[in-house]
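For the sequence shown, the working numbering puts the final residue at 500, and the numbers step up evenly by one. What follows is a set of notes on a single structure, which appears directly below.
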Amino acid sequence: MFERPERGDRAVLVRIGLGAPADADELAEFDALARSAGAVPVATITGSRKTPDPRFFIGSGKAEEIRLRALADEAELVLVDHDLSPSQERNLEKWIGRRVLDRTGLILDIFAQRARSAEGKLEVELAQLKHLSTRLVRGWTHLERQKGGIGLRGPGETQLETDRRLIGKRIRTLSARLEKLARRRDTGRSVRKQVPVPAVALIGYTNAGKSTLFRALTGSDAYVADQLFATLDPTVRRLQLPHTPDLVIADTVGFVRDLPHELVAAFRSTLMEARNADLLLHVVDAADADRDRHVEQVDEVLAGIGAAAIPQLRVFNKIDRLGRAPELIRNAEGRPGSVWLSAAAGAGVGLLRDSLQEIFGQAAMRLTVVLPPCQGRLRARLFELGMVREESPLSDGGTRLVVESSHQQLESLCREAGVDFAGAVSPCLPDAGFVEFPCETASSAA
């Protein structure tokens, strides 16, 4: 047995290829993950096996090689780019005499550092506790101790059983709090449905440039860094485009190879932004040699959260590294299919804006609405929906509004007010349509 050190950032990285040599690109990504967590890689151990070793996963010979390398390089931590079983993790720690963290544990640690919102912190803690609950039998010597001594002899509960009971209680508490927050989100979502606003979510492989593109589109001061999982909590901003209903655009967490199932299940606040979107902007690092494989892995995660059927607009970012000019490529139906741009340089961002305007502007209508003085509640409703673009008073005390919104919203308001919407339908041009609301429908319009 050994006492696990509380701190230590010097790490040995381990990647074993199963049935083939270790992939260099995957090893480079794991190195970036380790550095994102704050580790300092001092050595890298690679190898290959036909099948995982039941005891160590990597085999006893490789475990001894890691032990000697950790001693020579004074490493306090061993990071393994695989998901280890609890017994394999425990066996490696006993053999090597160092802390051992598998891929899931490493990603959980990064998420714990990045979480900023209260809900995000709760979700991280819940995922960590569920992961830890299967790994209590580890290298801590205090877990072997039985409670005893004068005044402490009781039913004989071990420290391990106590820890497991406390973790289970904390998991139930966190789950209840998150369920309450989920119900609150559902309530807010039902309220927002009364004021339908098209939603766009930025998704893609981690470090593809989603946050940089988010800033370029919205002018937001969202955090941007050249590291994996720089964005964890979802950031939502309103995006205004000419002759188009206002859009809500959300920057979400980046996906990664073998994203732990605990995180997919736990991070509802972030992933729900993608699942409830009307359009997904799938951001791809155009300069990445593995971009096609990353696209497939993102699509797998989307399928896992029930978002595979949501329309996508592919955005190929970082074209400045390829020396390629910005370009809008249309699909077989003649609609925007992909946009090539550089968010950092601002090249091609206008093409993306034009694409969004074309996609969502098809439903935009602009009408001149004349309201008598008694239609104050309807006027307030139009402002509440964000439909008013211009307003001018009339001599009789009424008001003249230029409103712009979706065909569905405008038709619904006219129907509530008892006004025939036929004939008011027209292209999105200034003052193209005209609707005059009568005074006697004030109560129904409200």
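Every residue, glycine too, gets a C-beta built ideally from N, C-alpha and C. Note that this is a predicted model, so its numbers are computed, not measured.
Sequence-distant residues of its chain with Cβ nearer than 8 Å to residue i (five each side left out)
i: Val338; result: Gly258, Tyr259, Ala262, Arg345, His348, Val349, Arg368, Val369, Phe370 and Asn371
i: Leu295; result: Leu301, Arg407, Leu410, Gln411, Phe414 and Gly415
i: Leu176; result: Leu228, Arg231, Leu232 and Leu235
i: Leu72; result: Ser102, Arg103, Lys104, Thr105 and Pro106
i: Ala65; result: Ala88, Ala93, Val94, Pro95, Val96, Ala129, Glu130, Leu131, Val132 and Leu133
i: Val178; result: Leu162, Phe165, Ala166, Ala169 and Ala320
i: Asp85; result: Leu67, Pro95 and Thr98
Proximity to residue i [Cα-Cα], best of the options
i: Ala76; options: Asp135, Ala88 and Val310; result: Asp135
i: Ala343; options: Asp79, Leu67, Arg238 and Ala74; result: Asp79
i: Thr422; options: Glu179, Asp332 and Thr453; result: Thr453
i: Lys223; options: Leu256, Leu180 and Glu233; result: Leu180
i: Thr158; options: Gly151, Lys148, Gln182 and Lys175; result: Gln182
i: Val545; options: Leu72, Gly71, Asp63 and Glu83; result: Residue 545 is absent from the structure shown; the chain starts at 55 and stops at 500.
i: Gly405; options: Asp305, Ile383 and Gly92; result: A small fix is needed here, since residue 405 is Leu in this sequence, not Gly. Nearest option by C-alpha distance: Ile383.
i: Val154; options: Val178, Arg435, Asp63 and Arg237; result: Asp63
i: Gln351; options: Glu387, Arg389, Gly113 and Gly308; result: Gly308
i: Leu293; options: Gly440, Gly113 and Gly115; result: Gly440
Proximal residues to residue i (C-beta, below 6 Å), its chain only, five neighbours per side dropped
i: Glu444; result: Val456
i: Thr188; result: Pro140
i: Ala74; result: none
i: Ile204; result: Residue confidence is low: Ile204 scores 46 on pLDDT, short of 50, so the model does not pin down where it sits. No coordinate-derived value is stated.
i: Glu327; result: Ala255, Pro288, Ala304 and Thr306
i: Asp332; result: Pro252 and Ala253
i: Ala361; result: Ala328 and Arg329
i: Ile225; result: Leu183
i: Arg109; result: Asn145
i: Val366; result: It should be noted that the sequence gives Gln, not Val, for residue 366. Correct list, in chain order: Leu334 and His336.
i: Leu356; result: Ala362
Expected contact under 8 Å - CB spacing of residue i and residue j to nearest Å
i: Val254; j: Ile221; result: The Cβ separation is near 39 Å, so there is no contact.
i: Ile161; j: Leu81; result: Contact doesn't hold; Cβ gap of about 16 Å is too wide.
i: Glu501; j: Arg433; result: Summary: the structure shown does not reach residue 501, with the chain confined to residues 55 through 500, and so no result is reported for it.
i: Ser396; j: Ile373; result: 5 Å
i: Thr98; j: Leu138; result: Thr98 to Leu138, Cβ: 18 Å. No contact.
i: Asp156; j: Glu147; result: Not quite, the Cβ-Cβ distance comes to about 11 Å (not below 8 Å), so this is no contact.
Exposed unless 16 or more other CB atoms sit within 10 angstroms - verdict on residue i
i: Glu354; result: exposed
i: Cys145; result: Sequence check: residue 145 is Asn here, not Cys. It is buried - the Cβ of Asn145 has at least 16 other Cβ atoms within 10 Å.
i: Ile120; result: buried
i: Ser265; result: buried
i: Arg5; result: Not covered by the structure: residue 5. The range shown for the chain is 55 to 500.
i: Gln446; result: The displayed chain sequence assigns Ser, not Gln, to residue 446. Exposed is the call here.
i: Phe111; result: buried
i: Arg69; result: buried
i: Asp127; result: exposed
i: Pro380; result: buried
i: Ser90; result: buried
i: Asp450; result: exposed
i: Arg152; result: buried
i: Leu436; result: buried
i: Leu448; result: exposed
Residue-level contact to chain B via CB, residue i, 9 Å cutoff
i: Arg189; result: Chain labels in this structure do not include chain B; a single protein chain is all it has.
Beta-carbon contacts of residue i that lie in its chain and below 7 Å, excluding the five residues immediately before and after
i: Asn385; result: Gly391
i: Leu483; result: Here Leu483 scores only 40 on pLDDT, less than 50, and its place in the model is too uncertain to base an answer on.
i: Arg376; result: According to the sequence displayed, residue 376 carries Leu and not Arg. Closer than 7 Å at Cβ, skipping near neighbours: Ala340 and Ala341.
i: Ile150; result: Ala117, Ile120, Arg121, Ala124 and Val132
i: Trp394; result: Ala340, Phe370, Ile373, Arg378, Pro380, Glu381 and Gly402
i: His185; result: Thr158, Gly159, Leu162 and Glu316
i: Val442; result: Leu436, Leu455 and Val457
heavy atom of the ligand NAP below 8 Å from residue i C-beta
i: Ala340; result: With respect to the ligand NAP, the structure offers nothing, as it holds no ligand at all.
Evaluate the contact criterion for the region 103 to 111 versus the region 166 to 180: three or more CB pairs, one atom per stretch, below 8 Å. The answer is no - the region 166 to 180 does not touch the region 103 to 111, with fewer than three Cβ pairs under 8 Å.
Check whether the region 419 to 428 and the region 396 to 405 touch, using three or more Cβ-Cβ pairs below 8 Å as the test. For the pair of segments examined, the region 419 to 428 was found not to touch the region 396 to 405: the number of CB pairs separated by less than 8 Å stays below three.
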